[in-house]
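Below: one structure, written as structure tokens.
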Amino acid sequence: MTSEQHLAPFRMPDRLFAELAAGGGSAAAVAFLERAERARRLLLLRTLLDLLDALPTPLTPAAEAWRVLKEAAEKSPEPVERLLLAPATGGWISHMLRRVRGTATGPPLWAEAGHLGALALSASLHAGTEATLDVPLTSGRLPLPGLGMVGLPDAREGLAVGRATTAGGELTVTGPGRTTGSVRVTCHPLTQRADAEGGTWLALRTLSHTHPDGTAPFTVVLEDLDPYRDLDDHLPPARLDADEAQEWQRLFGEAARILARPGTPGPGRVDPAMIRAIVPFGRTAVSPPPPPFVQVSASSGDSFGGMLIVRPASALALAETLVHELQHSKLAALLHLFPLLEDDRAERYYAPWRTDPRHLTGLLHGAYAFTGVAGFWRDRLAGAKEGEEAERAAYFFALRRLQSRLAVRTLLTSGRLTVQGRALVSGLARTLDGWLREPVPHAALTRARTAAALHRTEWRLRNVDPAVEIPPDGPRFRPDRTVWPDVRTHSFATRPVVPRTADEHLAAGDAAAALARYAGQLAADPAEPHALAGWIVARAVLDPGRETRRMLARPELLQPLPSG
Numbered sequence: 001m002t003s004e005q006h007l008a009p010f011r012m013p014d015r016l017f018a019e020l021a022a023g024g025g026s027a028a029a030v031a032f033l034e035r036a037e038r039a040r041r042l043l044l045l046r047t048l049l050d051l052l053d054a055l056p057t058p059l060t061p062a063a064e065a066w067r068v069l070k071e072a073a074e075k076s077p078e079p080v081e082r083l084l085l086a087p088a089t090g091g092w093i094s095h096m097l098r099r100v101r102g103t104a105t106g107p108p109l110w111a112e113a114g115h116l117g118a119l120a121l122s123a124s125l126h127a128g129t130e131a132t133l134d135v136p137l138t139s140g141r142l143p144l145p146g147l148g149m150v151g152l153p154d155a156r157e158g159l160a161v162g163r164a165t166t167a168g169g170e171l172t173v174t175g176p177g178r179t180t181g182s183v184r185v186t187c188h189p190l191t192q193r194a195d196a197e198g199g200t201w202l203a204l205r206t207l208s209h210t211h212p213d214g215t216a217p218f219t220v221v222l223e224d225l226d227p228y229r230d231l232d233d234h235l236p237p238a239r240l241d242a243d244e245a246q247e248w249q250r251l252f253g254e255a256a257r258i259l260a261r262p263g264t265p266g267p268g269r270v271d272p273a274m275i276r277a278i279v280p281f282g283r284t285a286v287s288p289p290p291p292p293f294v295q296v297s298a299s300s301g302d303s304f305g306g307m308l309i310v311r312p313a314s315a316l317a318l319a320e321t322l323v324h325e326l327q328h329s330k331l332a333a334l335l336h337l338f339p340l341l342e343d344d345r346a347e348r349y350y351a352p353w354r355t356d357p358r359h360l361t362g363l364l365h366g367a368y369a370f371t372g373v374a375g376f377w378r379d380r381l382a383g384a385k386e387g388e389e390a391e392r393a394a395y396f397f398a399l400r401r402l403q404s405r406l407a408v409r410t411l412l413t414s415g416r417l418t419v420q421g422r423a424l425v426s427g428l429a430r431t432l433d434g435w436l437r438e439p440v441p442h443a444a445l446t447r448a449r450t451a452a453a454l455h456r457t458e459w460r461l462r463n464v465d466p467a468v469e470i471p472p473d474g475p476r477f478r479p480d481r482t483v484w485p486d487v488r489t490h491s492f493a494t495r496p497v498v499p500r501t502a503d504e505h506l507a508a509g510d511a512a513a514a515l516a517r518y519a520g521q522l523a524a525d526p527a528e529p530h531a532l533a534g535w536i537v538a539r540a541v542l543d544p545g546r547e548t549r550r551m552l553a554r555p556e557l558l559q560p561l562p563s564g
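In terms of our numbering, the sequence shown opens at residue 1 and continues consecutively.
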């Protein structure tokens, strides 16, 4: 557990790098990345401990909390190792380094530093050791990483100093009362799953699934309590109600079964046991009903294997998001091992899945993630029966492989990839080039190409300044650009049976009817970007000549709208 262990340099075997460069990664490849993340985390923790030594605090000093944690690790290394490698622990370490360097904000610094005491208490409980630590309480609450949260009844509101004692797996917490005196709670976090005493103990929630081959079930943390689950900033607990937690379990079980399709590991194939934690975001109850697809998801390089997700109604959407976010975790770990690119962080690149310009690192992340997503839909298409299931799978496979290959081309021609970065992106290119040769039903392929063209056209109309000649380093952007809703990516997934709107006619393959309706919308506002993008693409479908190719290349120059 200590940073003195395993000082030999990491050397990734070529075969593991090749797996990851292709967009996939076997269990062995992911395990290698996790070992590398462990070494990095311990080095960061050592740096943080040195910085905390001089921090004034009313709590137990960091050195003493670290001693308690090390003692527990010597007695019970495995659970303490899991605790230190938890995504939220990585988030806390990196957040604290930003705090002490003045690049992040949060509660008083001494209180955030006191989270080390909570980690030490959890470790002590796992090991059955004895410890007494002064720790921060927030309105009587003490989160215990990897275990749950203690809540003192009638405790003082706001931030306060409490005392916690462990002995033989029992925890006692004392803190100031709401009016006078102190309040006290004793609990057994390792064995107490449900609170029998009015909210004094909330246990960690987990999602479980059993492999189809009958091997032992695995669990993934459903993290709704840890203050560093937000991948960066301190966040208050947001406990799910019982029905919402049950919905997460149902959806996760179905999503895990979707991902359990047998076959050789490759892009889009994910063992859900590789996931360490899911953070439910934005809702704590089953009402109102969630949307069919994931509206928001995120991950952080500081929190390997963790992901923040707004729960959808569909297990298929959740499975796709698990693939997407694990791809981000893998690439972030690779970026910690190899200098993959030289990024000036200028947001100038078109990303086919975003409405705003991206910097080069963001584009690389998107290309890697959506290559995995394309592989996910490729697997769904291979196993789909006829009908809407096969139609959606074909569409999303065709769309994501096309979009990912476009981003890969941008990366390869940027001139900013290192040797390792070029090897990685070239591996993605080989995967995507092979997939682009695979047959997809014509109707789905046409809708995917149309949706891709619509997105790029509308992106340029909304973002690129037509008054500025494009310089060699990329376009200049409109000062009045704003976030806009991408409504077409999902709406073009299936062919409308009875088309009514211009978009629906275009998705149904009737470009002439769509063109007329877009022209009607543009009569009132000739520069409206959504309708103008549709008009340009519909015109290109009907007349795929040199003039329309120029319009597609630089649609922002089309001011005002030509007649016809």
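For glycine and all other residues, C-beta sits at the position ideal for the given N, C-alpha and C.
For P143, the uninterrupted beta strand (DSSP E) segment begins and ends at R141 to L144. In the structure shown, the three-state DSSP call for G175 is strand. Under the 8 Å Cβ criterion, the stretch 263-278 counts as touching the stretch 25-34, having at least three qualifying pairs. Three or more Cβ pairs closer than 8 Å define a contact, and the stretch 161-173 falls short of that threshold against the stretch 214-231. E170 is bridged by DSSP to A167. Between A394 and A346, the C-beta spacing is not below 8 Å. In this structure, R460 sits away from P352, with a CB-CB distance that is not shorter than 8 Å.
When the Cα atoms are used, R257 and F370 turn out to be separated by approximately 21 Å.
Measuring C-alpha to C-alpha distances from D226 to each of D302, A298 and A86 identifies A86 as the nearest.
Restricting attention to alpha helix (DSSP H) runs no shorter than 4 residues, the stretch 257-337 encloses them at 315-337, ordered along the chain. Looking only at T186, T321, G434 and Q246, the smallest Cα-Cα distance to T206 is reached by Q246.
Sorting V468, T489 and A452 by C-alpha distance to the C-alpha of I536 places A452 at the top. For G383 and A39, the gap between their C-alpha atoms comes out near 40 Å.
By the Cβ rule, the stretch 430-450 does not count as touching the stretch 477-485, because fewer than three pairs are nearer than 8 Å. The C-beta of P312 has 16 or more other C-beta atoms within 10 Å across all chains shown, which makes the residue buried. For W66, the closest alpha carbon among the candidates L119, V541 and W435 is that of L119. The C-beta distance from A36 to F10 rounds to 5 Å, short enough to fall under 8 Å. Residue burial annotation: S300 is buried, with at least 16 other C-beta atoms found within 10 angstroms of its C-beta. Secondary structure at H234: coil, using DSSP grouped into helix, strand and coil.
In the DSSP assignment, R517 falls within the unbroken alpha helix (DSSP H) covering A511 to A524.
Shortest Cα-Cα distance from R447 to any of T494, R409 and P145 involves T494.
Beyond the five residues adjoining it in sequence on each side, E223 comes within less than 6 Å, by CB distance, of R229, A277 and V279 in the same chain, given in chain order. No Cβ-Cβ contact shorter than 8 Å links L83 with G128. Excluding five sequence positions before and after H328, the CB atoms of its chain that fall closer than 7 Å to its own CB belong to S299, H365 and A369, given in chain order. Restricting attention to P153, L44 and E325, the CA atom closest to the CA of I93 is found in L44. In the DSSP assignment, T132 forms a beta bridge with T165. For A514, same chain residues with a beta-carbon under 7 Å away, outside a window of 5 residues either side, are A502, H505, L506, G534 and A538 in chain order.
Annotated three-state conformation of R205 is strand, per DSSP.
With a 10 Å radius around the Cβ and a threshold of 16 neighbouring Cβ atoms, A527 comes out exposed. Per DSSP, the unbroken beta strand (DSSP E) holding S182 starts and ends at S182 to C187. With fewer than 16 other Cβ atoms inside 10 Å of its own Cβ, A54 counts as exposed. S414 is positioned such that its CB atom lies closer than 8 Å to that of L360.
In this structure, the straight-line span from the alpha carbon of A332 to that of Q295 is close to 22 Å. As the crow flies, the alpha-carbon of V185 is around 11 Å from that of R141.
Contact check for T200 and V150: beta-carbon distance about 7 Å, within the 8 Å limit, so the pair qualifies. Residue nearest to L558 within the set P471, R517, P496 and R462 is R462 (criterion: CA-CA distance).
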